[in-house]
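Asker:
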Amino acid sequence: MVSSYWEYANPTRFMQTSGWLLPVVAVLAVVTTAVGLIWGFFFTSDDFRQGSTVKILFLHVPSALMAINAWLMMLVVSLIWLIRRHHVSALAAKAAAPVGLAMTVIALFTGAIWGQPMWGTWWVWDPRLTSFLVLFLFYLGYLALWQAIEDPDTAADLTAVLCLVGSVFALLSRYAVFFWSQGLHQGPSLSLQAGERMDMAYKLPLYVAMTGFGLIFVALVLLGTRTEIRARRIKALVARERMG
Amino acid sequence: MIALLLRDLRLAVRAGGGFGLGLAFFLILAVLVPLGVGPESALLARIAPGILWVGALLACLLSLDRILALDYEDGSLDLLATAPIPLEGVVTMKAAAHWITTGLPLTLLAPVLGVLLSLPAPAYGWLVLSLALGTPALSVIGTFGAALTVGLRRGGLLLSLLVLPLYVPTLIFGAEVVRRGADGLSVATPLALLAGITLGAAALLPFASAAAIRINLR
Amino acid sequence: MNNLGCARGGLPLLEGVSLRLGAGAALVLRGPNGCGKTTLLRTLAGLQPPLEGTISAPAEALAYAAHADGLKPTLSVRENLAFWAAVHGQRDIAPALTAMDLRDLATRPAQNLSAGQKRRLGLARLLVTGRPIWLLDEPTVSLDTASVALFGAVVRGHLASGGAVIIATHIDLGLPEAQELDLVPYRAKPRAMPGGFDEAFI
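Protein chains in written order, with my numbering: chain P, 737 to 980; chain H, 8 to 225; chain Y, 129 to 330.
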């Protein structure tokens, strides 16, 4: 019986639980994403102004959402590492970064593909696009710092500090970028107070696709964390061997 | 702590290179840009604020890895960490010394380079003011980057990669002040935000830098 | 210091080291290269956290002298020493210069000193810290016989004035009263560490 959530912070316990959780989440992620995307792409009507190009939003919006959520998750687990020193949380942050980076790239590319027919250009220095580009740079720096430091605990500490400081500056950059340019980008596609901005026929498959991307993220982070734990285990075993 | 500041300044003067390199880089950049984009004054006047700010930022970046690396190599950083001065104070003084040897000369040189780039007359005052307010933030943020990478062998390039994204807000508000000044618009908002970033960074980042140094010295 | 354990590079290195040092006492750490003398001294100096156990000496009482002397090549001997004195809130550097026989070199830039002279300057720094407990890591490296004797006298003077020293060295400093501590028996055995180091992954 699990007495506290922190028990999952024990590597062995995490490996046991994630061992059966990972396949379940992975299957769910594939099914949900497939349903969301096929529904969105083939079973919705074209927009009366934007035509069929609008359907790229079923890729664009979920990936943009996960790009930001991945950083938020890294921030939370970095704090957990700094405060409670659970190794799994540091490794989860390390595992989440490449996934977040990939989501950012997908959001940028789909945005460019969407923007080309709409705005007549692949790239504009629109504040939303620009802040994603800046987020991309933050992910690059964070990953580069992980790569550069050999000692795993030092790397975990320093990247966690960078993540905290980087979060503040990423937020500042976002406000700075909005101050700097007013932009062409349409407002948030899903907004609660703005009323019926989007048709229900679009919203439902979009929600499904967003859930799918969220599950993909969880599955990839679980997989990445398991890989990191195994790598650390090998290192520890080699070290023990050497000490004889 | 004053002793540390004085020592760092004295070292910068004796070593020579510290002052000159960043300034020379700034000058060369201001010469190369017109060679690249063409001699048309109207175009240069439009891009001058951005070029001057980006140039100052890159010139600042050049000397960042020297802030802590030399002290790390010769063991001074170990001894400073065990000295009665708090490490937060040490990094603040290091950033101050970096600003006096880099940011301050850049601020003073910038108006001269403004002439080369046909900067509009009303913008000169705002250029100096925005650099004077903004470059301390560059030094403080740079010291944080240097603290993160102090133990690494190939720290220099990584340092740029870590620090440049952190420079984004400072650059945006700093250049915006000069652009608005050149157009004769009100500069109050970006100026206040720029000052806010500098003060916030100077107040809070030394704690993060000191933490990073402690981790790196372990 | 009580039941201290410390690690290097994520690996536990020493465990169960306990010692107690009174005023005027000297302790010499012995052991082959890589057995953890430097790690122990760095832990004592507060540069790295102990894996387990406690250090009861206040950090303000400890002065650490590492392999590297922390000298700036472009500053003169006097300037280097005056800086460290100022950092520790001391003013007078003349006794330290005299004690380490650096008076004639005072205006020479540190880059023009020989290795042994640099070492003497690095050790003179201890005198201007005004701290009672010295942690010395191989203090006699590159010193000649006369300088070793000179430094031995300085250490003895420090002990006589109520200080204490912990020295990691292979050379006899001429301190007959010093206790010796061999670190080899304290070598850490592989086991799960309480702090959850890499062993937690096995």
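We put the beta carbon where it would ideally sit given N, CA and C, even for glycine.
Quick one: is VAL122(H) buried, meaning 16 or more other Cβ sit within 10 Å of its Cβ, or exposed?
Answerer: Position 115 of the second sequence, counted from the first residue, corresponds to residue 122(H). Under this definition VAL122(H) is an exposed residue.
Asker: Could you compute how far the alpha carbon of ALA238(Y) sits from the alpha carbon of LEU249(Y)?
Answerer: As a position in the third sequence, residue 238(Y) is number 110, starting the count at 1. As a position in the third sequence, residue 249(Y) is number 121, starting the count at 1. Looking at the two C-alpha atoms, the distance is approximately 9 Å.
Asker: Would you decide whether ASP300(Y) is buried or exposed? Buried here means 16 or more other CB atoms lie within 10 Å of its CB.
Answerer: The count along the third sequence starts at 1 and reaches residue 300(Y) at position 172. By the neighbour-count rule (16 or more Cβ atoms within 10 Å), ASP300(Y) is not buried but exposed.
Asker: Please name the residue or residues paired with ARG158(Y) in a DSSP beta bridge.
Answerer: For the purposes of this step, residue 158(Y) is taken as residue 30 along the third sequence, with counting starting at 1. Note: ARG158(Y) sits in a beta bridge opposite ASP310(Y).
Asker: Apart from the five residues on each side of it in sequence, which residues of its chain come closer than 7 Å, Cβ to Cβ, to TYR878(P)?
Answerer: As a position in the first sequence, residue 878(P) is number 142, starting the count at 1. Cβ within range, chain order: ALA833, THR895, LEU898, CYS899, GLY902.
Asker: Whole-angstrom Cβ separation of ALA52(H) and SER137(H), contact assumed at under 8 Å?
Answerer: Your numbering for residue 52(H) matches position 45 in the second sequence. Your numbering for residue 137(H) matches position 130 in the second sequence. Between SER137(H) and ALA52(H) the Cβ distance is about 17 Å, and since that is not below 8 Å, they are no contact.
Asker: In terms of residue numbering, what span does the beta strand (DSSP E) encompassing LEU263(Y) cover?
Answerer: Here residue 263(Y) is taken as the residue at index 135 of the third sequence, counted from 1. First-last of the beta strand (DSSP E) with LEU263(Y): 261 to 265.
Asker: Taking only three categories from DSSP, how would you classify GLU47(H)?
Answerer: Numbered from 1 along the second sequence, position 40 holds the residue referred to as residue 47(H). Coil at GLU47(H), not helix or strand.
Asker: Grab me the residues of ASP782(P)'s own chain with a C-beta within less than 6 Å of its C-beta, minus the 5 sequence neighbours each way, in chain order.
Answerer: For the purposes of this step, residue 782(P) is taken as residue 46 along the first sequence, with counting starting at 1. Answer for ASP782(P): SER788, listed in chain order.
Asker: So ALA191(Y) and ILE295(Y) are in contact, right, with Cβ under 8 Å, and what is the actual spacing, rounded?
Answerer: Looking up residue 191(Y) in the third sequence gives position 63. Looking up residue 295(Y) in the third sequence gives position 167. Between ILE295(Y) and ALA191(Y) the Cβ distance is about 13 Å, and since that is not below 8 Å, they are no contact.
Asker: Report the residue from VAL761(P), ALA745(P), ALA843(P), VAL944(P) whose alpha carbon sits nearest the alpha carbon of ALA826(P).
Answerer: Numbered from its first residue, the first sequence carries residue 826(P) at position 90. Comparing Cα-Cα distances from ALA826(P) to each of VAL761(P), ALA745(P), ALA843(P), VAL944(P), the minimum goes to ALA745(P).
Asker: Does any C-beta atom of chain H lie closer than 8 Å to the C-beta of ASP229(Y)?
Answerer: Locating residue 229(Y) in the third sequence gives position 101, counting from the first residue. Output row for ASP229(Y): interface = no.
Asker: Find the nearest neighbour of ALA66(H) within the set ALA103(H), ALA182(H), LEU36(H), judged by alpha-carbon distance.
Answerer: Here the question's residue 66(H) lines up with position 59 in the second sequence. If we check each option's Cα against that of ALA66(H), LEU36(H) comes out closest.
Asker: Measuring only the C-alpha atoms, how far is LEU254(Y) from LEU140(H)?
Answerer: The count along the third sequence starts at 1 and reaches residue 254(Y) at position 126. The count along the second sequence starts at 1 and reaches residue 140(H) at position 133. Roughly 41 Å separates the two Cα atoms.
Asker: Spell out whether any CB of chain H is found under 8 Å from the CB atom of ASP197(Y).
Answerer: Numbered from its first residue, the third sequence carries residue 197(Y) at position 69. Yes, ASP197(Y) lies at the interface with chain H (some Cβ there is under 8 Å from its Cβ).
Asker: In the region 73 to 119 of chain H, which residue ranges form an unbroken alpha helix (DSSP H) of at least 4 residues, counting only runs that do not cross its ends?
Answerer: Qualifying alpha helix (DSSP H) stretches, in chain order: 73 to 80, 83 to 89, 94 to 105.
Asker: Is it a yes or a no for the region 211 to 222 of chain H touching the region 153 to 168 of chain Y, going by three-plus beta-carbon pairs under 8 Å?
Answerer: In short, these stretches do not touch, since the Cβ pair count stays below three.
Asker: Can you tell me the Cα-Cα spacing of VAL312(Y) and ASN161(Y), whole angstroms?
Answerer: For the purposes of this step, residue 312(Y) is taken as residue 184 along the third sequence, with counting starting at 1. For the purposes of this step, residue 161(Y) is taken as residue 33 along the third sequence, with counting starting at 1. Going by the C-alpha atoms only, they are around 10 Å apart.
Asker: Taking a contact to mean a Cβ-Cβ separation below 8 Å, would you say LEU958(P) touches SER814(P) in this structure?
Answerer: Taking the first residue of the first sequence as 1, we reach residue 958(P) at position 222. Taking the first residue of the first sequence as 1, we reach residue 814(P) at position 78. For LEU958(P) and SER814(P), no; Cβs fall outside 8 Å.
Asker: Should TYR174(H) go down as buried or exposed, given a rule of 16 or more other Cβ atoms within 10 Å for buried?
Answerer: Counting from one through the second sequence, the residue named residue 174(H) turns up at place 167. Label assigned to TYR174(H): buried.
Asker: Report the three-state DSSP secondary structure of GLU886(P) (helix, strand or coil).
Answerer: Translated into positions along the first sequence, residue 886(P) becomes position 150. Looking at GLU886(P) - three-state DSSP - the assignment turns out to be coil, as it is neither helix nor strand.
Asker: Taking 7 Å as the line, does the beta carbon of VAL98(H) fall inside it for any heavy atom of the ligand SAM?
Answerer: The model on display carries no ligand, and the ligand SAM is accordingly not part of it.
Asker: Using alpha carbons as the reference points, say which of LEU59(H), PRO56(H), LEU168(H), ALA208(H) lies closest to LEU871(P).
Answerer: For the purposes of this step, residue 871(P) is taken as the residue at position 135 of the first sequence. LEU871(P) has its Cα closest to that of LEU168(H), out of LEU59(H), PRO56(H), LEU168(H), ALA208(H).
Asker: Express the C-alpha separation of ALA234(Y) and VAL205(Y) in angstroms, rounding to a whole number.
Answerer: Numbered from 1 along the third sequence, position 77 holds the residue referred to as residue 205(Y). Numbered from 1 along the third sequence, position 106 holds the residue referred to as residue 234(Y). Rounded to whole angstroms, VAL205(Y) to ALA234(Y) spans 5 Å at the Cα level.
Asker: Decide if ALA154(H) is buried, meaning its Cβ has at least 16 other Cβ atoms within 10 Å, or exposed.
Answerer: Taking the first residue of the second sequence as position 1, residue 154(H) is located at position 147. Classification for ALA154(H): buried.
Asker: Can you check the region 231 to 299 of chain Y for any alpha helix (DSSP H) of at least 4 residues that lies completely inside it and give the ranges in chain order?
Answerer: Listed in chain order, they are 243 to 257, 273 to 288.
Asker: Does the structure place the region 805 to 820 of chain P close enough to the region 768 to 783 of chain P that three or more beta carbon pairs sit under 8 Å?
Answerer: Result no; under three Cβ-Cβ pairs closer than 8 Å.
Asker: Just verifying my parser: in three-state terms, what is the DSSP assignment at VAL145(Y)?
Answerer: In the third sequence, residue 145(Y) corresponds to position 17, counting from 1. DSSP places VAL145(Y) in strand when its eight states are reduced to three.
Asker: Look at TRP133(H) and GLY188(H) and say whether their C-beta atoms are less than 8 Å apart.
Answerer: The residue labelled residue 133(H) in the question sits at position 126 within the second sequence. The residue labelled residue 188(H) in the question sits at position 181 within the second sequence. For TRP133(H) and GLY188(H), yes; Cβs fall inside 8 Å.
Asker: With respect to the beta strand (DSSP E) encompassing ALA191(Y), which residues constitute its N-terminal and C-terminal limits?
Answerer: Your numbering for residue 191(Y) matches position 63 in the third sequence. Looking at the DSSP string, the run of the beta strand (DSSP E) that includes ALA191(Y) is 190 to 193.
Asker: If you drop the 5 nearest sequence neighbours on each side, which residues of the same chain put their C-beta closer than 7 Å to that of ILE885(P)?
Answerer: Here residue 885(P) refers to the residue found at position 149 when the first sequence is read from its first residue. Contacts found: ALA891, LEU894.
Asker: Which bits of chain H does PHE211(Y) rub up against, with CB to CB less than 7 Å?
Answerer: In the third sequence, counting from the first residue as 1, residue 211(Y) sits at position 83. Chain H residues near PHE211(Y): ALA10, ARG14.
Asker: Based on Cα-Cα distance, which residue from ALA31(H), THR177(H), ALA104(H) lies nearest to TYR911(P)?
Answerer: Taking the first residue of the first sequence as position 1, residue 911(P) is located at position 175. When only C-alpha atoms are compared, the closest one is THR177(H).
Asker: Residues of chain P with CB closer than 8 Å to the CB of ILE222(H), please, in chain order.
Answerer: The count along the second sequence starts at 1 and reaches residue 222(H) at position 215. Those are THR890, ASP893, LEU894, VAL897, listed as they occur along chain P.
Asker: Identify, in the order they occur along the chain, each residue of the same chain with its Cβ nearer than 7 Å to the Cβ of THR202(Y), setting aside the five sequence neighbours on each side.
Answerer: Start at 1 with the first residue of the third sequence, and residue 202(Y) comes out as number 74. Hits under 7 Å: PRO237, GLN239.
Asker: Which word fits ARG148(Y), buried or exposed, when buried means at least 16 other C-beta atoms lie within 10 angstroms of its C-beta?
Answerer: Locating residue 148(Y) in the third sequence gives position 20, counting from the first residue. Exposed, because fewer than 16 other Cβ atoms sit within 10 Å of the Cβ of ARG148(Y).
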